[in-house]
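Residue numbers (the numbering used here), protein chains in the order written: chain A, 429 to 978; chain B, 2 to 132. Backbone N, C-alpha and C fix where the C-beta goes; we use that ideal spot for every residue, glycine too. Read through the structure below, which is laid out as structure tokens, and then see the notes.
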């Protein structure tokens, strides 16, 4: 017989359980949680889902009413190829679109610009003019499926193109739904597709918020991204805290235009990451929901409860995936999807298992889609609201994560606010320092990663991944099409509308109405960007903040 | 190279905004005691060559994760040779598939460090290969 009490003189199990465990956000994890821990960390939160502060979810019935939107990140080569892939995903049950643009489009260059060499259509779809949007969404009902545009530096131009395309097709843009990422402040911290200096960049975001509030009030002009800040090195609590600091900066800029908080706050949305410890991430989402509601309803005094909703896409998890043993990423993706579902995400997207290597194959994208569908259809994730709510561990961690989120926001305030911290490169330096420590921990093995620093294959197996070829032909075709569009358009109208854009930018007025005119005249992304650069200038990256840390 | 510190330029050519890896490597090289200049994002090949000249570096490191490493490395190779930087150590890191590694080595990039490489391997490669 071997009972625990008979194993005297073998303290190994006890020592093991008493190993110190600290999560990434810096919270020490106890071996056991009880009601006392919940009570000791915050006043009891008995709010119901759909009631402020929305800890358990922004809707009363959550997935019981409607499961999360499935929105895989898609786009490559040109508009025609991307349109085909969109239709493939919709046929397979995808419920939203999430458009990937190539780097030239995202950085404001036309496909025939020297800067675009080798990049046209590589990491996303190439867009030069409104014509590309007309082709990309051809045959797709924009009322039946919502479209999310993953673009930031050139977002104002692409939002104008989307609205103009919908208008041309006869949609009433006053009722049009959809989202643009359009979170430029995080681009300076991670992801890097900035164009203009920080000040004018924030001004352009405010332009889009103001314009949409007046003209397309159902459209979500900004999706504030903790996601890329986390990818760049931030902890889960910092991810959420920095995102809130950014969202507050946009909110302040919109209020300064004379908008009422309830006119736009409900259309702000968020984008968060899902790799890492499951309980820490779920607590992050619950704490984030609670804290954002407090910010908007208590600090900004919004009257409509829905203004305080933390509507979010939770997804990706790119940093968590590995080059080594790529099939493991299929399992990681499944756990990450579980995290997003337990966290109460409105929309979900998963990185595909082959994405550390390549643009995903249709099969890999279908696997990601099936992962989410499995959770709904077989595993019971859409049956009841906030299934982890009431767990002593999750409730305690939710309270503690809220404290950590506040701590991150306080740090930003101490730097003089997010706009200053970004312009001076302070937040970038802080986030990269953490990324470096994370890398060292991976190399030393103190941060465990399966297939990378433990359970490695003895022999390097050739990964079974099909690489997406770069289509030089598609790039050349794109350039030919651009020249064709330029030859066919009314160049006087282009010049006239670009002049309008320049005048409005110079006068410091909202440029969106002029951008709408310019895109309708088939002015190119590059032409419009150059016009704005003439007025605003270009961002210069602070690169001299390095110091030894080890 | 005992008389002075090894000098390194780390550059991000092209439009790719993935700079987590580049910044981690900058930090690791600094901690290893090298002199490091980081260009920041979105550098043209011409600007990188100018910076390498100006800083008089021993090592030119490129970080590219968008997949456009071959066209960019080819263009930079031509410029570096024209500019007399052929005797410097050229290294490249990023999202580089197995099948492209030999191509880059043939172009003259003696060190190729795909995603997942250890920073200490990059440090020792530089120590061993700077003439």
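Asked	Found
Against chain B, does residue 751 of chain A count as a neighbour if the rule is that its beta carbon must be under 8 Å from one of theirs?	yes
Does DSSP put residue 551 of chain A in a helix, in a strand, or in coil?	coil
Please name the residue, chosen from A:712, A:805, A:840 and A:770, that lies closest to residue 676 of chain A on a Cα-to-Cα basis.	A:840
At least one CB of chain A closer than 8 Å to the CB of residue 10 of chain B: is that the case?	no
Between residue 125 of chain B and chain A, is there a C-beta pair that is closer than 8 Å?	no
Nearest CA to the CA of residue 576 of chain A: which residue from A:650, A:484, A:670 and A:846?	A:650
Taking a cut of 7 Å between CB atoms, which residues from the stretch 859 to 872 of chain A lie near chain B?	860, 863, 864, 867 and 871
When the distance is taken between beta carbons, is residue 754 of chain A closer than 8 Å to residue 730 of chain A?	no
Is residue 62 of chain B helix, strand or coil when you go by DSSP?	strand
Can you tell which of A:526, A:631 and A:857 has its C-alpha closest to the C-alpha of residue 742 of chain A?	A:526
For residue 867 of chain A versus residue 25 of chain B, is the C-beta distance shorter than 8 Å?	yes
Starting from the beta carbon of residue 1 of chain B, find every residue of chain A whose beta carbon is closer than 8 Å, and list them in chain order.	Residue 1 of chain B is absent from the model: chain B starts at 2 and stops at 132.
If I measure Cβ to Cβ from residue 101 of chain B and keep anything under 8 Å in the same chain, skipping five residues before and after, which residues do I get?	70 and 71
Return the first residue and the last residue of the alpha helix (DSSP H) that residue 611 of chain A is part of.	Here residue 611 of chain A belongs to no alpha helix (DSSP H), and DSSP marks it neither H nor E.
Which same chain residues end up closer than 7 Å to residue 702 of chain A when comparing Cβ atoms and leaving out the 5 residues on each side of it in sequence?	709, 742, 743, 744, 745, 764, 767 and 768
Residues bridged to residue 653 of chain A by DSSP?	A:699
Would the beta-carbon of residue 124 of chain B be found less than 7 Å away from any heavy atom of the ligand NAP?	For the structure depicted, the ligand NAP is absent and the ligand set is empty, with no information on it obtainable.
List the residues of chain B that residue 621 of chain A touches, going by C-beta distances under 7 Å, in chain order.	18
Since residue 694 of chain A contacts residue 732 of chain A with CB under 8 Å, what's their CB separation in whole angstroms?	7 Å
Please confirm if residue 535 of chain A has its CB atom under 8 Å from at least one CB of chain B.	yes
Are the Cβ atoms of residue 492 of chain A and residue 814 of chain A separated by less than 8 Å?	no
At a Cβ cut of 7 Å, what residues of the stretch 888 to 909 of chain A count as close to chain B, listed as they run along the chain?	895 and 898
Check the Cβ-Cβ distances between residue 102 of chain B and every residue of chain A, and say whether any is below 8 Å.	no
Going by beta carbon distance, what residues of the same chain come within less than 7 Å of residue 17 of chain B, once the five residues before and after it are set aside?	65, 66 and 67
Beta strand (DSSP E) containing residue 576 of chain A: first to last residue?	574 to 578
Is residue 654 of chain A buried or exposed, if buried means 16 or more other CB atoms sit within 10 Å of its CB?	buried
To the nearest angstrom, how far is it from the Cα of residue 545 of chain A to the Cα of residue 44 of chain B?	13 Å
Compare the C-beta of residue 110 of chain B against all C-beta atoms of chain A and say whether one is closer than 8 Å.	no
Does the stretch 932 to 944 of chain A come into contact with the stretch 633 to 645 of chain A, if we say contact requires no fewer than three beta-carbon pairs (one atom in each stretch) closer than 8 Å?	yes
By Cβ distance, which residues of its chain are closer than 7 Å to residue 628 of chain A, with the 5 residues on each side in sequence left out?	964
Considering just the uninterrupted stretch of the beta strand (DSSP E) at residue 939 of chain A, what are its terminal residues?	Note, residue 939 of chain A: premise wrong, no beta strand (DSSP E); not H, not E.
Counting C-beta neighbours from all protein chains within 10 Å, is the total for residue 498 of chain A 16 or more, i.e. buried, or is it exposed?	buried
For the stretch 765 to 837 of chain A, list the beta strand (DSSP E) runs that are entirely contained and at least 3 residues long, ordered along the chain.	775 to 778
Quick check: the Cα distance between residue 581 of chain A and residue 610 of chain A, rounded to an integer number of angstroms?	7 Å
Could you tell me whether the stretch 893 to 909 of chain A touches the stretch 921 to 932 of chain A, where touching means 3 or more Cβ pairs closer than 8 Å?	no
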